[in-house]
Structures are given as C-alpha cells and as structure tokens.
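Participant: Quick one: this structure, given as structure tokens, is what I'll be asking you about.
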C-alpha cells in the first residue's frame, strides 16, 4: 500500500492494516499471549504479544491525545510529555506497564476503540487539515497519524506472522 496522501487513503490504510492485524492476532495461541518471546521495541529486550498490543494501544491513544489537543488549540508535547523521540524504547516500556493490568480481551477491545476514535477524528478533518501543511516539524497531521497507526499495525503483522511460524504444532490452538 502506498503512503496515504488523502483523507480517504489514510482511512483505508488504517482500516486495512488494522483488519490484517486482527486476522493475525486471532491465530495467536491463548497459552502464548504473555510469553516474552518477541523482539522488544527497545534494544536487547523481549516482549509478549500482549505487550505488542499494549504498545499499539499506547500509540493509538497518544495520537488521540495529540488530535484532541490540536482541536482545543493546546500545545502538543511530541511524542509524549517526559519523552523525546530518541527515547521511544523507554516509551514502549511505559506502554507495556500502562496496560499490563488489562486482560488480553480488554486490551483488544481498547485497541479497537482507539482505532475507531482515530477513524472518527480523521473523518472530521478536511484533506487540507490532514495534508495541507506541516503539523509537527515537516510532517503533516495525516502523515503523523499514519506513522503511528497504520505503519505500526503493518509492522506488527510482520512481527507476528514471523513469530507464529515458531509456534510448535501442538500449541497451535488459537484464541
């Protein structure tokens, strides 16, 4: 899929990549959800499938926060208050902790709800608002949304597909 350049393309990218992710997530064996056997987001760390979904939820909710602050005319602390762009591994660890108390099912529902909110937020904006000017540095609002939603969904699909190939046949009972 090409890099979105319009509101409709952005909506499609978010939806298609999210749907692909959910198809792969449904193949994850229930007994492997919290196993820390995926390469983590910080160097030399391991994460679980649940951690990966916490990471995606964290970024989705962060995008929502950015969009709400933008709409309210408030300053946005990119990427997040207390974090710099070169500290994304530390931010990933925060996301893992933030959502750790949720059940896997509750986390999936929260990710779904965040994605739906983002789609709604996109629908409420014009192409000009999304792609007409820089929003953060040289990046447009649409590109920042894409960087932190559809692109990570696609990356997660690749990570999970590769990881699922390592799942022994006797543990292939999916959720």
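In the UniProt record's numbering, the protein residues as written are 1 to 175.
Heads up, the beta-carbon is just placed ideally off N, CA and C, and yes, glycines get one too.
(1) I'd like the list of long-range same chain contacts for residue 104, defined as Cβ closer than 6 Å, with 5 residues on each side in sequence excluded.
(2) Do you know offhand how far residue 139's Cα is from residue 125's?
(3) Does the Cβ-Cβ distance between residue 159 and residue 52 come in under 8 Å?
(4) According to DSSP, is residue 40 helix, strand or coil?
(5) Please report whether the beta-carbon of residue 102 lies at a distance below 8 Å from any beta-carbon of chain B.
(6) Rounded to whole angstroms, what's the CA-CA distance from residue 35 to residue 62? Just pull it up for me.
(7) Answer yes or no: do residue 110 and residue 57 have a C-beta to C-beta separation smaller than 8 Å?
(8) What's the C-alpha gap between residue 162 and residue 55?
(9) Are the CB atoms of residue 64 and residue 117 nearer to each other than 8 Å?
(10) How big is the Cα-Cα spacing for residue 152 and residue 13?
(11) Use the C-beta contact count for residue 48: other C-beta atoms within 10 angstroms, 16 or more gives buried, fewer gives exposed.
(12) How big is the Cα-Cα spacing for residue 78 and residue 60?
(13) Under a three-way DSSP split, which group does residue 89 fall into?
Facilitator: A quick look at the data gives this:
(1) By one-based count along the chain shown, residue 104 stands at place 104. So the qualifying residues of the chain are 33, 50.
(2) One-based indexing of the chain shown puts residue 139 at position 139. One-based indexing of the chain shown puts residue 125 at position 125. Cα to Cα, the separation comes out at about 16 Å.
(3) On the chain shown, residue 159 is found 159 positions in, with the first residue counted as 1. On the chain shown, residue 52 is found 52 positions in, with the first residue counted as 1. Closer than 8 Å, so yes.
(4) The residue you call residue 40 lines up with position 40 of the chain shown. Residue state, collapsed to three classes: coil.
(5) No chain B is part of this structure, which consists of one protein chain only.
(6) For the purposes of this step, residue 35 is taken as the residue at position 35 of the chain shown. For the purposes of this step, residue 62 is taken as the residue at position 62 of the chain shown. Their Cα atoms are separated by approximately 26 Å.
(7) In the chain shown, counting from the first residue as 1, residue 110 sits at position 110. In the chain shown, counting from the first residue as 1, residue 57 sits at position 57. In this structure, residue 57 lies closer than 8 Å to residue 110 by Cβ.
(8) Reading the chain shown from its first residue, position 162 is the one you call residue 162. Reading the chain shown from its first residue, position 55 is the one you call residue 55. Cα to Cα, residue 162 sits roughly 18 Å from residue 55.
(9) The residue labelled residue 64 in the question sits at position 64 within the chain shown. The residue labelled residue 117 in the question sits at position 117 within the chain shown. Cβ distance < 8 Å, so residue 64 and residue 117 count as in contact.
(10) In the chain shown, residue 152 corresponds to position 152, counting from 1. In the chain shown, residue 13 corresponds to position 13, counting from 1. Cα to Cα, the separation comes out at about 11 Å.
(11) Translated into the one-based positions of the chain shown, residue 48 becomes position 48. With 16 or more other Cβ atoms within 10 Å, it is buried.
(12) For the purposes of this step, residue 78 is taken as the residue at position 78 of the chain shown. For the purposes of this step, residue 60 is taken as the residue at position 60 of the chain shown. The alpha-carbon atoms of residue 78 and residue 60 are separated by roughly 14 Å.
(13) Sequence index remark: in the chain shown, residue 89 carries index 89 (1-based). Helix.
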